[in-house]
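A quick write-up on the structure given underneath.
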Amino acid sequence: MKVTIFGSGYVGLVTGTCLAEVGNDVVCVDVDEKKIEMLNNGQIPIYEPGLEEMVHNNAAAGRLHFTTDVKTAVDHGLFQFIAVGTPPDEDGSADLQYVLAVARSIGEHMEEYKIIVDKSTVPVGTADKVRETVRQALEARGVNLEFDVVSNPEFLKEGAAIDDFMKPDRIVVGTDNPRTTELLRALYAPFNRNHDRLIAMDIRSAELTKYAANAMLATKISFMNELSNLAERLGADIEQVRIGIGSDPRIGYHFIYPGVGYGGSCFPKDVKALERTAREVGYEAQLLSAVEAVNERQKRKLFEKIRAHFDDDLAGRTFALWGLAFKPNTDDMREAPSRILMEALWAAGAKVRAYDPEAMNECRRIYGERDDLVLCEEPYQALEGADALAVVTEWNVFRSPDFSKVKSLLKQPVVFDGRNLYDPQRMREQGFDYYAIGRGNLAK
């Protein structure tokens, strides 16, 4: 099938590449000329395990193309996927200007029936706005062409997006036309062979499903972080509590790890957008407000522990950070807890030495060159001359370090573990002052 993808960012590039991988003829279009030039030169603008090789293979096979030519892109595909950004507006709502700009472009250039697929995470009712925008563009041209608008939200985890697309848990399709449902079923057939994963529903329900999924996962994270703070005060160990409640199949073990809060491009934005949507229809979503408030507080948890340990005397000190990305297996630092910690340390007059396996260039892009930030080439280099280590992201490379080397490189044997990677008793036995999240009497 011929497919057009508007947007060559995270969702668009993964979607287009995976659809090409199973034999479809895919064109990715983007207004960012530099990004398209990079892709046409074999460079990938994001880090995602397995994506670079897959892009190269499909481009070489002639199934995956990149262009800035909107007319060519609209002419190409029966399916017109909208996979552009929906950044948060000042009031927390999703900014639809890019989505509607794509819809307008499709309406201005289409010459035959098209299926317009909302792949971006968008508020309930967006399909109606897309439909009206396309209709107005067609009307301005004086033409009357049939088209359908559907909702097909993405459920891709950064760091595991290829597997998530190729082996999906579910494929949610929101349509108001049975024919369109069957065409999408045909498009997704290669990903749906083991058993039927396609869930067809009305458009508004599909739009809400995406927000509901992310809000539910964010709620689990904030709930566990709330419990971890309680556990610290009660002398309980949140890791034991996690195992105790996770063994209940109604709860499960996924997304119940305490830490320093969630970040990234999805959870913070989507919780705020859903809360805003609720207000627009006259409903106060108190739980969503609490989820976001708990998360913002939790992101400052490591800094509060650092400040308490050093009695507010942080000026002139140096701190090592392991982990900059908001989660492992990505270079994404959007809303990352590391940013809150670094900025708080800088405001207190401290310096930072940091290492991350993938997010170093992203950190340079965000903060530039500054005297109070040294980006190191390997984890132990970050420890040299540091007053303490803060573990912010749970990359595998940080899970089993040489603790004797860690101790020898630090000025003081102090570790602030924001992901509960280490055993408190072992850390004490090796002479560390060890601070974790919610470990009660086991850690400070």
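Just remember that the numbering used here sits 731 ahead of the position in the sequence shown, which is counted from 1.
Every residue gets a Cβ at the ideal spot worked out from N, C-alpha and C, and that includes glycine.
Residue(s) in a DSSP beta bridge with residue i
i: C759; result: I736, F797
i: Y1014; result: Y1014 is not bridged to any residue.
i: W1077; result: Partner(s): none; W1077 has no beta bridge.
i: A1121; result: L1052, F1147
i: I902; result: L929
i: K802; result: In the DSSP output, where bridge partners are listed per residue, K802 has none listed.
i: F812; result: I736, V848
i: F878; result: K845
i: D1044; result: Beta-bridge pairing links D1044 to no other residue.
i: Y1166; result: F1147
Residues near residue i in its chain [Cβ-Cβ closer than 7 Å; skip 5 each side]
i: A751; result: V757, N789, R794, L795
i: H807; result: K733, T735, V758
i: G995; result: E889, F1057, K1058, D1063, R1065, E1066
i: V853; result: T817, A825, L827, V830, E938
i: A1090; result: L1055, A1056, D1062, M1064
i: R820; result: A small fix is needed here, since residue 820 is Asp in this sequence, not Arg. Hits under 7 Å: D826.
i: G773; result: H787
i: I982; result: I976
i: A1167; result: D1148, N1151, P1155, A1174
i: L809; result: M732, K733, K845, I846
Neighbourhood of residue i by C-beta, 6 Å cutoff - its chain only, sequence neighbours within 5 removed
i: I777; result: Y741
i: T950; result: V1022
i: T940; result: V903
i: V1146; result: L1120, F1163, Y1165
i: I767; result: D761, F797, T799
i: C997; result: N945
Residue i, buried or exposed, once every other Cβ within 10 Å from all chains shown has been counted against 16
i: Q811; result: buried
i: P1155; result: buried
i: P980; result: exposed
i: A792; result: exposed
i: S953; result: buried
i: P818; result: exposed
i: D1044; result: exposed
i: G1171; result: buried
i: N1060; result: buried
i: R1130; result: exposed
i: A834; result: buried
i: L1019; result: buried
i: E963; result: buried
8 Å Cβ shell around residue i - same chain, five flanking residues per side excluded
i: A858; result: D849, V880, V881, S882, G905, I934, R935, E938
i: L1141; result: A1051, L1114, A1117, D1118, A1119, L1120
i: E957; result: V1025
i: D895; result: F886, L887, K888
i: A1046; result: A1079, G1080, A1081
Nearest-angstrom Cβ-Cβ length linking residue i and residue j, presumed shorter than 8 Å
i: A946; j: L1005; result: 5 Å
i: I974; j: S959; result: Wrong, their Cβ atoms sit about 14 Å apart, outside the cutoff.
i: N771; j: F797; result: 5 Å
i: D1103; j: V1128; result: So it is not a contact: roughly 25 Å between Cβ atoms.
i: E893; j: V745; result: Rather than Glu, the amino acid found at residue 893 in this sequence is Ile. Contact flag correct, Cβ pair sits at about 7 Å.
i: R1031; j: I1071; result: 6 Å
i: T864; j: G823; result: The pair is not a contact, with the Cβ atoms about 23 Å apart (cut-off 8 Å).
i: L1033; j: V991; result: 6 Å
For residue i, the three-state DSSP class (helix, strand or coil)
i: A792; result: coil
i: R1157; result: helix
i: Y1111; result: helix
i: L1106; result: strand
i: F1129; result: helix
i: I893; result: helix
i: R964; result: helix
i: K1082; result: strand
i: A1039; result: helix
i: P780; result: coil
i: P854; result: coil
i: P818; result: coil
i: A949; result: helix
i: A825; result: strand
i: R1031; result: coil
i: I987; result: coil
i: L1141; result: coil
i: L1152; result: coil
i: M1064; result: coil
i: E1100; result: coil
i: G1171; result: helix
i: R924; result: coil
i: C997; result: coil
i: K888; result: coil
i: A832; result: helix
i: E870; result: helix
i: G754; result: coil
i: Y741; result: helix
Near the ligand HEM: residue i beta-carbon under 7 Å from a heavy atom
i: V805; result: With respect to small molecules bound, the structure shown includes none, and the ligand HEM cannot be examined in it.
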